[in-house]
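Down below is the structure, laid out as structure tokens.
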Amino acid sequence: MSYTEATVQLLSPQGSLIENDATAPYLPLIRDLDESLLLDFHRQMVVVRRFDIEAGNLQRQGQLALWIPSLGQEAAQVGSGYAARTQDHIFPAYREHAVGRIRGLDLVKIIEMLRGLSHGGWNPADTGNFHLFTLVIGSQALHATGYAMGMRFDGVVGTGDPEVDAATLVYFGDGATSQGDVNEAFVFAASYHTPQVFFLQNNHWAISVPVERQSRTPLYLRPAGFGIPSVQIDGNDVLASYAATRLGLDAARAGEGPRFIEALTYRMGAHTTSDDPTKYREDEETRFWSERDPIARYEAYLRAQGVGEEFFREVATEAEDLAADARRRTLELTDPPTTKVFEHVYTDAHPLVAEQADWFAAFEAGYEGAAE
Amino acid sequence: MTERMLPMAKAINEGLRAALAADPKVLLMGEDIGTLGGVFRVTEGLKAEFGEDRVLDTPLAESGIVGTAIGLAMRGYRPVCEVQFDGFIYPGFDQITSQLAKLTYRHEGDQSFPVVIRVPYGGHIGAVEHHQESPEAYFAHTPGLRVVSPATPNDGYWMIQQAIASNDPVLFFEPKSRYWVKGEVADDGVPAPLHQSRVVRTGTQVTLVGHGAMVAQLLQAAEVAAAEGTSVEVIDLRSLSPIDYAPIVASVHKTGRLVVAQEAPGNVSVGSEVAATVAERAFYSLEAPVLRVSGFDTPFPPAKLEGVYLPDVDRILEAVDRALAY
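Sequence order for the protein chains is A and B. Numbering-wise (this note's numbering), the first sequence opens with residue 1197 and increments by one. Numbering-wise (this note's numbering), the second sequence opens with residue 6 and increments by one.
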């Protein structure tokens, strides 16, 4: 299903490393990795999946207005997320919970947003340059391109200093590839030779519309028309995701221009908790992808490498702890003060908003007085 | 204070040059603004002076221009985008209204978005479709944006610099029919605040309010009215969001009559908002209903009919007469 002859896969669905000409450029990057990072790939996938399930449960229990599950896409996100350097900037769509956690985002911030307490509200300067979620599909691609243009103007590209050279990494889905903004981002990125990686998670569904409606050709072929080198990877292979993103970001930071990665993955759950995928897709397809589960595959690899049961037990405990902590803190969340409505509409003083804030304060005070 | 006679296009050019020179983070971006100097030559000479990384000839994509300007602002730049013509702003509408306007709120103040979008706007130039429109109300309606429009070369020079210095997004509507009319530009001194409206002619019987190219028409109408024995006060709004009502309300307290004029269609417009607010704040001073003189609620017609569509001195004076008849 949608794999092509060009799909780069480092781990077979059974969890063994594939060594051939196609994987040769990527394998050295994997062999150079510290064992602790290889273990962190697994840890991060498992704990974020557990958190994701807990957040979905909280929504079903009335604690959240909405949840956006990332089930099944953990490898695409964790591999690419670990490939970015500290100074890189990440522009997510709205499903990249794992990438956010890798960069230092407190996942409860996402819960706050989907509980209706904020529109995001984290400061990218405090979350490892992980920017806010963008709900208008594909808009963030242009922001990432503009940011990368600024990096180039600032001279932090191609200096050869690994502490200085920087790039942006932007996430979007298969539906977004139909948007004008994403295509305009390709045009600007190619034209200004931006240090940037476009990371497409092709999860095969834009809510109820299959990827075949978005494109008659494999999506990794499109960037060639814009002059952007591209690669298609097995997005359920965390090692392929890491290695391809590493190569893409290294090239971008070195001043070689933008890169594009199509990660083939699958949205195992609903689009959001408001969605019902049984209305539009077949069990057979879901079964195909569940047999290619990113976590099971990587766990098999790690066990074959000799990683012992103790590690997996420890990760399972950490996952339960994270879920319990998220639940506890969600139940402790309080509604924002009414004054939040009027704050930060503008940076500089604004008479109309100030006047309405004052009016509302007086209006509320009038009711309080009447109650006394 | 030294003064020079400059057309508005040249005055804005000089304002842009001053902003580029004062702050290395200021960038200009848009279609044809570099080598050509813009289709109205407002950015003429600036690429040669500041280089292609400060004055960007962009690909032809309005959403791309605004969207990448947002990313540049996140990086610490202060981009000044040119939308080539009023009617070409709509491909960038989503990035302006859903992104640029809301990003400060979404970030809860952690990031500012000092992006200026320059828009040559309005009629009187006999151009083809999409080249003579007045879309300012869409943006004045959108929280998070500031919207201004200079009526004189002096305001063009100073207000563009103030807009660039603003830490908020500013839509800067340039009345293109006034680009080549000269006026005095003060090289120094203290400019009026960006969002202040201003009495530009004093009078006692009727208040006329407008912005951009309409201000010249209002002043002309006031001359004609004066010759006929009617004393008219004229106020240049300058800022369409926020609107500075104090001078307008003070004027209506004096005259008791208000006519609001604009090139844009009247339905749900800046003029509607001024009329509603003055009715709320100066009800007991009004001797007549607030009247609006606007473009008709039709698409902008073919150029040979623009004289029918656009309010002129006669239509303004007809409204003055109606106000005085109460």
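We treat Cβ as the ideally placed atom computed from N, Cα and C, and that holds for glycine. These figures come from a predicted structure and were not determined experimentally.
*Neighbourhood of Leu108(B) by C-beta, 6 Å cutoff - its chain only, sequence neighbours within 5 removed*: Phe118.
*Sub-8 Å separation of Ile94(B) and Glu134(B) beta-carbons*: No, they are not a contact pair.
*With which residues is Met13(B) paired in a DSSP beta bridge?*
Paired residues: none, contrary to the question.
*Would DSSP call His1285(A) helix, strand or coil?*
Look at His1285(A) here: in three-state DSSP terms it is strand.
*Within 9 Å of chain B by C-beta, residues of the stretch 1414-1435 of chain A in sequence order*: Here the close residues number zero.
_Candidates Met1347(A), Ala1522(A), Gly1453(A), Ile1298(A), of which the one nearest Leu1260(A) by Cα_ = Among Met1347(A), Ala1522(A), Gly1453(A), Ile1298(A), the Cα nearest to that of Leu1260(A) belongs to Ala1522(A).
*asked:* Using 8 Å for Cβ pairs, my map puts Gln1375(A) next to Ala1340(A). What's the rounded Cβ distance?
replied: Their Cβ separation, rounded to whole angstroms, is 14 Å, which puts Gln1375(A) and Ala1340(A) out of contact at 8 Å.
*What is the residue span of the alpha helix (DSSP H) that Gly35(B) lies within?*
Per DSSP, Gly35(B) lies in no alpha helix (DSSP H) segment; the continuous beta strand (DSSP E) that holds it begins and ends at 31-35.
*asked:* Closest to Gln104(B) by C-alpha separation, out of Gly92(B), Met79(B), Arg59(B), would be which residue?
replied: That would be Met79(B), whose Cα lies nearest to the Cα of Gln104(B).
*Check each candidate in Arg1291(A), Thr1461(A), Ile1306(A), Ile1491(A) and name the one with the smallest Cα separation from Leu1529(A).*
That would be Ile1306(A), whose Cα lies nearest to the Cα of Leu1529(A).
_Chain-ordered neighbours of Pro1547(A) on chain B, where CB pairs are closer than 7 Å_ = Per Cβ cutoff of 7 Å: Pro247.
_Beta-ladder partner(s) of Pro125(B), from DSSP_ = Under DSSP, Pro125(B) takes part in a beta bridge, and its partners are Glu179(B).
*Do Glu311(B) and Ser139(B) have their CB atoms nearer than 8 Å?*
With contacts defined by Cβ atoms closer than 8 Å, Glu311(B) and Ser139(B) do not form a contacting pair.
*Based on the DSSP secondary-structure assignment, which residues constitute the bridge partners of Ser246(B)?*
Per DSSP, Val152(B).
*When you check each C-beta in the stretch 103-124 of chain B against every C-beta of chain A, which residues fall closer than 7 Å?*
Those would be Ser103, Gln104, Thr109, Tyr110, Arg111, His112, Glu113, Gly114, Asp115, Ser117, in chain order.
*Neighbouring residues, chain A, relative to Thr73(B) (Cβ below 7 Å)*: At a beta-carbon threshold of 7 Å, the residues of chain A lying near Thr73(B) are Leu1338, Thr1341, Gly1342, Met1345, Phe1384, ordered along the chain.
*Mind pulling the chain B residues with CB within less than 7 Å of Gly1376(A)?*
Within chain B, the C-beta atoms nearer than 7 Å to that of Gly1376(A) come from Ser68, in chain order.
*asked:* Give me the chain D residues within the contact set of Arg80(B), using Cβ-Cβ distance strictly less than 9 Å, ordered along the chain.
replied: No chain D is part of this structure, whose protein chains are labelled A and B.
_Residue from Val60(B), Cys86(B), Glu87(B), Pro174(B) with nearest C-alpha to Thr1543(A)_ = Among Val60(B), Cys86(B), Glu87(B), Pro174(B), the Cα nearest to that of Thr1543(A) belongs to Pro174(B).
*Would you check if the stretch 1493-1508 of chain A and the stretch 1238-1246 of chain A touch, i.e. whether three or more CB-CB distances between them fall below 8 Å?*
Three or more pairs of CB atoms, one per stretch, sit closer than 8 Å, so the stretch 1238-1246 of chain A contacts the stretch 1493-1508 of chain A.
_Residue of Asp302(B), Leu25(B), Thr157(B), Gly261(B) minimising C-alpha distance to Asp241(B)_ = Nearest Cα to Asp241(B) within the set Asp302(B), Leu25(B), Thr157(B), Gly261(B): Thr157(B).
*Leaving aside the five residues before and after Glu1568(A) along the sequence, list all residues of the same chain whose C-beta is less than 6 Å from its C-beta, in chain order.*
Note that Glu1568(A) scores a pLDDT of 47, beneath 50, so its modelled location is shaky; the value from the coordinates is reported in the next line. Counting only Cβ-Cβ distances below 6 Å, and skipping sequence neighbours, we find nothing.
_Any beta carbon from chain B within less than 8 Å of Glu1568(A)'s own beta carbon?_
Because Glu1568(A) sits at a pLDDT of 47, beneath the cut-off of 50, its placement in the model cannot be relied upon, and the point is left open.
_Excluding the 5 residues flanking Ala1448(A) on each side, which residues of the same chain have their C-beta closer than 7 Å to its C-beta?_
Correct list, in chain order: Ala1363, Pro1391, Gln1392, Val1393, Pro1454, Arg1455.
*Residues from the stretch 28-45 of chain B in contact with chain A, defined by Cβ distance under 7 Å*: From the stretch 28-45 of chain B, no residue has a Cβ closer than 7 Å to chain A.
*Does the stretch 28-37 of chain B come close enough to the stretch 56-74 of chain B to have 3 or more Cβ pairs within less than 8 Å?*
The stretch 28-37 of chain B is in contact with the stretch 56-74 of chain B.
*Mind checking if Leu315(B) is an interface residue toward chain A, Cβ cutoff 8 Å exclusive?*
Using beta-carbon distances, Leu315(B) does not count as an interface residue toward chain A, since no partner is under 8 Å.
*Residues within the stretch 1533-1547 of chain A neighbouring chain B, beta-carbon criterion of under 9 Å*: When C-beta distances to chain B are compared with 9 Å, the residues of the stretch 1533-1547 of chain A below that value are Lys1536, Glu1539, His1540, Val1541, Tyr1542, Thr1543, Asp1544, His1546, Pro1547, in chain order.
*asked:* Between the alpha carbons of Tyr1199(A) and Gly1275(A), how many angstroms are there, rounded?
replied: So the alpha carbons of these two residues sit roughly 19 Å apart.
*Find the residues of chain B that neighbour Val1332(A), judging by a C-beta separation of less than 8 Å, and give them in chain order.*
For the C-beta of Val1332(A), the chain B residues within less than 8 Å are, from N- to C-terminus, Asp99, Ser103, Gln104.
*asked:* For the beta strand (DSSP E) containing Tyr314(B), name the first residue and the last one.
replied: For Tyr314(B), there is no enclosing beta strand (DSSP E); the enclosing alpha helix (DSSP H) covers residues 311-314.
*On a CA-only basis, which of Ala1321(A), Gly1211(A), Glu1480(A) is nearest Leu1435(A)? Give me that one, please.*
Residue Gly1211(A) is the option with its Cα nearest to Leu1435(A).
*Any beta-carbon of chain B closer than 8 Å to the one on Ser1187(A)?*
The structure shown does not extend to residue 1187(A), since chain A is modelled only from 1197 through 1568, so no value can be given for it.
*Members of the stretch 1293-1318 of chain A that neighbour chain B once the beta carbon cut-off is set at 9 Å*: Close to chain B, meaning a Cβ-Cβ distance shorter than 9 Å, are the following residues of the stretch 1293-1318 of chain A: Ser1314, His1315, Gly1316, Gly1317, Trp1318.
_So, does the stretch 1251-1266 of chain A touch the stretch 1307-1316 of chain A, judging by three or more C-beta pairs under 8 Å?_
Yes: at least three Cβ pairs fall under 8 Å.
*Considering only residues of the stretch 1418-1469 of chain A, which uninterrupted beta strand (DSSP E) runs meet the minimum length of 3 residues and lie entirely inside it, listed in chain order?*
Taking only runs of at least 3 residues, the beta strand (DSSP E) segments lying wholly in the stretch 1418-1469 of chain A are 1426-1430, 1455-1460.
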